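Undergrad: For reference, the structure I am asking about is given below.
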């Protein structure tokens, strides 16, 4: 069903993303004690099988924070950070250079989980505000693995029929980090929940 979304529907979901990331930027600024700006260059629908190819190396090890949604909307939302972004954030938070993100210490893992919690939670809050649905996010889980392995697990756990995912690309700028960082929010509501969201927004055909 996701692959049938119109440009107008995607624009509205992109606007929800802008509101959510705006709130996330404020919360992240308070957490890291530095100015944080987050923008949403694009929101698009892609086959789940294509997601690994948005990364420079499809077999790249990434950090994913996953949050399951329950109550009026069911499904999962993830924040995926590539290895470069993870290394830069870890360096900022710990003052240490990280060669391999599979060897992150407990402090870095905890902080990355909280960043994912803020990013995913802010989008869920914005979506709830637009729809007046009660969406109950479960505590986040974090995984460091190949993107294909992470997506395979998510696809199986949410539904056996939905092969597409809503990809919200975010650009993260943090004071003290010279380069712009990229994060990807992936929204995968189940089919019934997606229909309910579009109906509530007056966009169900």
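Residue numbers (UniProt numbering): 1 to 205. Quick reminder that beta carbons are idealized off the backbone N, C-alpha and C, glycines included. Bear in mind the structure is a predicted one, so any value in this text is a computation, not a measurement.
Which whole-angstrom value describes the C-beta separation of residue 62 and residue 147, a residue pair presumed to lie in contact below a C-beta threshold of 8 angstroms?
TA: Correct: roughly 5 angstroms between the Cβ atoms.
Undergrad: For residue 91, name the three-state secondary structure that DSSP assigns.
TA: helix
Undergrad: Hey, how far is the Cα of residue 161 from the Cα of residue 75?
TA: Here residue 161 scores only 49 on pLDDT, less than 50, and its place in the model should not be relied on; the value that follows carries that caveat. Rounded to the nearest angstrom, the two C-alpha atoms are 13 angstroms apart.
Undergrad: Looking only at its own chain, which residues have a Cβ that is under 6 angstroms from the Cβ of residue 159, when we skip the five neighbours before and after it?
TA: A caution first: residue 159 carries a pLDDT of 49, below 50, which makes its placement in the model too unreliable to give a value.
Undergrad: Can you name the start and end residues of the alpha helix (DSSP H) that residue 28 belongs to?
TA: Residues 7 to 32.
Undergrad: Quick one: what's got a C-beta closer than 8 angstroms to residue 98's C-beta in the same chain, skipping five residues either side?
TA: 86, 87, 90, 91, 104, 108
Undergrad: Under 8 angstroms, with one C-beta from each stretch per pair, do the stretch 115 to 132 and the stretch 46 to 61 reach the 3-pair mark?
TA: no
Undergrad: Among 171, 133, 56, which residue has its Cα nearest to the Cα of residue 40?
TA: By alpha-carbon distance to residue 40, the top candidate from 171, 133, 56 is 171.
Undergrad: Could you check where the beta strand (DSSP E) with residue 38 kicks off and where it finishes?
TA: 36 to 47
Undergrad: Does DSSP put residue 176 in a helix, in a strand, or in coil?
TA: coil
Undergrad: From this set, 53, 9, 8, 14, which residue's C-alpha is nearest residue 126's C-alpha?
TA: 14
Undergrad: Could you say which of 34, 112, 198, 93 lies nearest to residue 66 if we only look at CA atoms?
TA: 112
Undergrad: Taking residue 182 as the reference, which of 141, 200, 38, 198 has the closest Cα?
TA: If we check each option's Cα against that of residue 182, 38 comes out closest.
Undergrad: Go to residue 191, then tell me how far its alpha helix (DSSP H) extends in each direction, as first and last residue.
TA: Annotation: the continuous alpha helix (DSSP H) that includes residue 191 extends over 191 to 200.
Undergrad: Opposite residue 143 in the DSSP bridges: which residues?
TA: Under DSSP, residue 143 shares a beta bridge with 64.
Undergrad: Using DSSP with H/G/I as helix, E/B as strand and the rest coil, what is residue 104?
TA: coil
Undergrad: Distance check for residue 173 and residue 180, CA to CA, integer angstroms please.
TA: 5 angstroms
Undergrad: Determine the direct distance from the alpha carbon of residue 199 to that of residue 73, and round the result to whole angstroms.
TA: 13 angstroms
Undergrad: Is residue 189 a contact residue of the ligand ATP, with contact defined as CB to any heavy atom under 7 angstroms?
TA: Because no ligand of any kind appears in the structure shown, any question about the ligand ATP cannot be addressed here.
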